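Reviewing the structure listed below.
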Amino acid sequence: MLTRLSYAAPIALMITFGLFVLMQSLISSGRYELVDKDLYTSVSFIREKREQNVEVTLQKPIKPPLPQRSPPPAQMTADLPPQISLEAFELPSVAILSTIDIDSGFGVGTGEGDYLPIVRVAPQYPRRALVNSIEGYVIVEFTVTRLGTVSQPHIVAAEPSGVFDQVAISAVLKFRYKPRVVNGEAIAVAGVRNRINFRLAK
Numbered sequence: 006m007l008t009r010l011s012y013a014a015p016i017a018l019m020i021t022f023g024l025f026v027l028m029q030s031l032i033s034s035g036r037y038e039l040v041d042k043d044l045y046t047s048v049s050f051i052r053e054k055r056e057q058n059v060e061v062t063l064q065k066p067i068k069p070p071l072p073q074r075s076p077p078p079a080q081m082t083a084d085l086p087p088q089i090s091l092e093a094f095e096l097p098s099v100a101i102l103s104t105i106d107i108d109s110g111f112g113v114g115t116g117e118g119d120y121l122p123i124v125r126v127a128p129q130y131p132r133r134a135l136v137n138s139i140e141g142y143v144i145v146e147f148t149v150t151r152l153g154t155v156s157q158p159h160i161v162a163a164e165p166s167g168v169f170d171q172v173a174i175s176a177v178l179k180f181r182y183k184p185r186v187v188n189g190e191a192i193a194v195a196g197v198r199n200r201i202n203f204r205l206a207k
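Right, here's the structure in full:
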């Protein structure tokens, strides 16, 4: 056993030494080749300049336009309401025709006298009709009582309808009559008609 180790140790040392020498020779030869390549290889890093024609055109600066002067503000004039002339609103005249009696079945008696109007009140002209210059008429039928007052007035005809009706009724209710007297006694008279014309003054 010892004899084998004594033979193997020198052989191993020789092999190791040989490998070491071989590695040194390889390293030295590779370095020389690299040095030679570095010596004989040249790289040019000089860039070639190419001529380029560049035209530069300078434009004159454009002056901005001067701001236009705004016209002076117009003087504000307050719109005054139109003056209203009171003379333009004079009350229209209302023409009241004489009483038109329609036969209602009551004849004139043989007494002292028939009924007679004492007070007749002019109706007020409706404002709507006044503004729109509307004219017309109304026929009102009513009863003259024994006391000479008016009762149960109603519209028989009107033109235009519904414009003068109310003011005509209100005016007729203020009428006063001398009652009809028959055989010394006052009696009521029904079916009395009045036509009231509404006309504007020219």
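According to the working numbering, the sequence shown is numbered sequentially starting from 6.
Positions of the beta carbon are idealized from the N, C-alpha and C atoms, including for glycine.
Computed from a predicted structure; not experimentally measured.
Going by DSSP, what residues sit across from residue i in a beta bridge?
i	result
A191	V186
L121	K183
R200	I144
What distance in whole Å lies between the Cβ atoms of residue j and residue i, which are believed to be in contact at a cut-off of 8 angstroms?
i	j	result
E146	V197	7 angstroms
R200	D119	So it is not a contact: roughly 19 angstroms between Cβ atoms.
I139	V168	6 angstroms
For residue i, which residues of its own chain have a beta-carbon under 6 angstroms away from its beta-carbon, when the five flanking residues on both sides are left out?
i	result
T150	S156 and A193
I174	P158
At what residues does the alpha helix (DSSP H) containing residue i begin and finish?
i	result
I174	D170 to V177
A127	Counting along the chain, A127 falls outside any alpha helix (DSSP H), and DSSP gives it neither H nor E.
So, residue i versus residue j, is the Cβ gap smaller than 8 angstroms?
i	j	result
R133	T154	no
P128	V172	yes
K179	V126	yes
A195	T148	yes
G141	E164	yes
Looking only at its chain, what residues have a beta carbon closer than 8 angstroms to the beta carbon of residue i, apart from the 5 residues adjacent to it on each side?
i	result
V161	I144, V145, E146 and R198
L91	Only weak support is given to the placement of L91: the predicted model assigns it a pLDDT of 28, under 50, and the value that follows is read from those uncertain coordinates. Result list for L91: empty, nothing under 8 angstroms.
Starting from residue i, follow the beta strand (DSSP E) in both directions and report where the run begins and ends.
i	result
V143	G141 to V149
A162	V155 to E164
Just checking residue i against the ligand GDP - is the residue's beta carbon closer than 7 angstroms to any of the ligand's heavy atoms?
i	result
G118	This structure lacks the ligand GDP, and indeed carries no ligand of any kind.
In chain order, what residues of the same chain have a beta carbon less than 7 angstroms from the beta carbon of residue i, not counting five sequence neighbours either side?
i	result
D170	V143, I160 and A163
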